[in-house]
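A.B. asks: If you're matching positions, the sequence shown starts at 1 in full-length UniProt numbering and goes up one per residue. Don't be surprised by glycine CBs; every beta carbon is placed ideally from N, CA and C.
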Amino acid sequence: MQTTTSRGRGVLKQLKHLMELAKRKKHVRTRDLASVIGEIQCTIAQFKRGTLHIKQLQRLNDKEVARRGWNKWTQLNRSAISDITWWINKWVELRMGGNIDQRESGEGLCAWTVEGQQPQELQSTRSDSSSGSSSRIPSRIDLITAYWNTITHRQHSYNVLPQQAQRINRDRATNRQSPQVSRTIQLDNTPLPRDVVVYIVIALVFHCQPKNST
């Protein structure tokens, strides 16, 4: 049994509304929760393992109806939020099979996350009906992580470059000063001390004196 496009959009809209209420820690009316469960049950045959991801919703709904009735308010627990997330991902995956451009409107496979859920659990694959292979669709967490790594790398580069520039400038200044110092020493015309001059003169005199013949 295939679901019409309009009905599929309605189910997805109701699931997203429940998730928004759960994220804001607001309560949902028991009658509205039962309505969503009924819509899911009408289309559950289209999804593999769908029956496993509706038990927590049914259990929560039956418990609240028995305690408070149909018009009371209840808060979704962690297990129910996990099941709602699974159904949102499956419905979006089904819709993306016909139109992959829906990712631009924010309807991604990982548009809804549950606290404590691992990123690997939020990554889904879309099967290709022609080849039978499955290609990995990057999740929103992957995109955010890649963007953050890029920003961190740029920030690190910005911090390192000034230090490298200072070191290069310091080395260049040292190289420029070294020849100047040597030339200054070679061309220095400062007069020698007097005692040194006297010593040199005496040495030259004794060196130039002729030796006495015996």
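1. Got a sec? Which residues, its chain only, sit under 7 Å from Arg31 by beta carbon, not counting five neighbours each side?
2. Could you tell me whether the Cβ atoms of Gln58 and Ser82 are closer together than 9 Å?
3. Compute the distance between the beta-carbons of Ile88 and Leu33, then report whether it is under 9 Å.
4. Could you check how far apart the C-beta atoms of Val36 and Thr74 are, in whole angstroms? I think they sit under 8 Å.
5. State the CB to CB distance for the pair Leu12 and Trp91, rounded to an integer number of angstroms; the pair is presumed to be in contact (CB under 8 Å).
6. Does Val198 come out as helix, strand or coil in the three-state DSSP assignment?
7. List the DSSP bridge partners of Trp73.
8. If we ignore side chains and look at the alpha-carbon of each, how far apart do Arg172 and Gln166 end up?
9. Tell me the residue span of the alpha helix (DSSP H) that contains residue 231.
10. Look up Lys48 in the DSSP assignment and say whether it is helix, strand or coil.
11. Classify Arg24 as helix, strand or coil using the three-state DSSP reduction.
12. Sorted by chain position, which residues of the same chain lie with C-beta nearer than 6 Å to Asn169's C-beta, five sequence neighbours on each side aside?
13. By the 10 Å Cβ neighbour count, where 16 or more other Cβ atoms means buried, how is Asn61 classified, buried or exposed?
14. Buried or exposed: which applies to Leu18, given that a residue is buried once 16 or more other Cβ atoms fall within 10 Å of its Cβ?
15. Just to confirm my understanding: we take Ala80, look at its own chain, exclude 5 residues before and 5 after, and list those with CB closer than 6 Å. What are they?
C.D. replies: Straight from the coordinates:
1. Taking the sequence shown and counting its residues from 1, one reaches residue 31 at position 31. Trp70 and Asn71, listed in sequence order.
2. Here residue 58 corresponds to residue number 58 of the sequence shown, with the count starting at 1. Here residue 82 corresponds to residue number 82 of the sequence shown, with the count starting at 1. No, they are not a contact pair.
3. Along the sequence shown, one-based indexing puts residue 88 at 88. Along the sequence shown, one-based indexing puts residue 33 at 33. It is not a contact, given that the beta carbons lie outside the stated cut-off.
4. For the purposes of this step, residue 36 is identified with residue 36 of the sequence shown, where counting begins at 1. For the purposes of this step, residue 74 is identified with residue 74 of the sequence shown, where counting begins at 1. Val36 to Thr74, Cβ: 13 Å. No contact.
5. The residue you call residue 12 lines up with position 12 of the sequence shown. The residue you call residue 91 lines up with position 91 of the sequence shown. Correct: roughly 5 Å between the Cβ atoms.
6. To locate residue 198, count along the sequence shown from 1; it is residue 198. Of the three classes helix, strand and coil, the one that applies to Val198 here is helix, per DSSP.
7. Residue mapping note: residue 73 aligns to position 73 of the sequence shown, counting from 1. Answer is Arg29, bridged to Trp73.
8. Taking the first residue of the sequence shown as position 1, residue 172 is located at position 172. Taking the first residue of the sequence shown as position 1, residue 166 is located at position 166. If I take the Cα positions, the gap works out to 10 Å.
9. This structure cannot speak to residue 231, because the chain is shown only from 1 to 214.
10. As a position in the sequence shown, residue 48 is number 48, starting the count at 1. Shown here, Lys48 sits in coil according to DSSP, grouped into three states, outside any helix or strand.
11. In the sequence shown, residue 24 corresponds to position 24, counting from 1. Arg24 falls in the coil class under three-state DSSP.
12. For this step, residue 169 is matched to residue 169 along the sequence shown. Excluding sequence neighbours, Asn169 sits near nothing in its chain.
13. Residue mapping note: residue 61 aligns to position 61 of the sequence shown, counting from 1. Classification for Asn61: buried.
14. Here residue 18 is taken as the residue at index 18 of the sequence shown, counted from 1. Buried: at least 16 other Cβ atoms inside 10 Å.
15. Residue mapping note: residue 80 aligns to position 80 of the sequence shown, counting from 1. Only Gln56, Leu57 and Leu60 meet the Cβ criterion.
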